[in-house]
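Please read the structure below before turning to the comments.
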Amino acid sequence: MMLKKFLILFLIFSSFLGYSQEGEKKQNDDILKRIFFGGNFGLQFGRKTFIDVSPLVGYRITDKISAGVGVIYNYYSENLDGYTFNTNIYGGKVFGSYFIYDNLFLHSEFEAISLESQFFDVGKQFQDQDRFWVESILVGGGYKFLLGNNSGINAMILFNLNESINSPYRNPIFRLGFIF
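Take the sequence shown: its letter number 117 is residue 789 in this note's numbering, and every next letter is one higher.
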């Protein structure tokens with residue numbers, strides 16, 4: 673009799689365990705479906721060489737709101753009549769987007785990048801440093817051209833709200849990026 677009760681309790685308990693694990697799996701699957709990757713990737717070779725590797729990872733908080741972080745890396749080289757100019761630009765960003773209608777969205781981001789003083793310190797503010805940081809607050813909008821269920825190409829027009837003499841971007845900024 674005791675063995676029968678134990679067996680019944682064991683079967684009931686194990687069925688609850690299976691159900692709760694299924695719920696956790698479904699919740700984890702939902703979280704994973706909301707994560708997206710992408711970024712900007714560009715190559716140009718010739719007299720000028722430009723390499724852009726700027727991956728990002730984001731999270732769809734709701735169907736309309738997403739946020740994320742990204743890493744920025746650019747290599748630029750140019751041959752100028754016997755002199756070769758080359759530099760590395762790197763930094764990071766945090767961003768947020770709000771879809772206002774279908775694939776039309778508003779976008780904002782904070783970006784901080786490190787630049788070499790000898791090439792980019794136009795205002796001569798950082799002459800005693802090899803590198804300096806430039807922060808940009810970018811706002812604007814864009815359109816997501818769908819390539820699949822969750823993948824697409826984002827085309828954006830952004831404006832740098834704190835553009836300065838050392839800003840690497842001039843307004844407006846046109847940007848294309850991939851999301852998958």
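For every residue, glycine included, the Cβ atom is placed at its ideal position computed from N, Cα and C.
Note that the structure is predicted; figures quoted are calculated from it, not measured.
| Query | Result |
| --- | --- |
| Anticipated Cβ contact below 8 Å, PHE777 with ALA739, distance rounded | Going by Cβ atoms, the distance from PHE777 to ALA739 rounds to 12 Å, so no, they are not a contact pair. |
| Integer-rounded CB distance, given that ILE845 should sit under 8 Å from LEU833 | About 11 Å; that fails the 8 Å criterion. |
| Start and end residues, alpha helix (DSSP H) containing GLN790 | 789-792 |
| Validate contact between the region 815-825 and the region 780-791 using beta carbons, cut 8 Å, 3 pairs | no |
| Strand pairing of ASN746, partner residues [DSSP] | ASP724, ILE761 |
| Range of the contiguous beta strand (DSSP E) that encloses LEU810 | 803-818 |
| Three-state secondary structure (DSSP) of ILE829 | strand |
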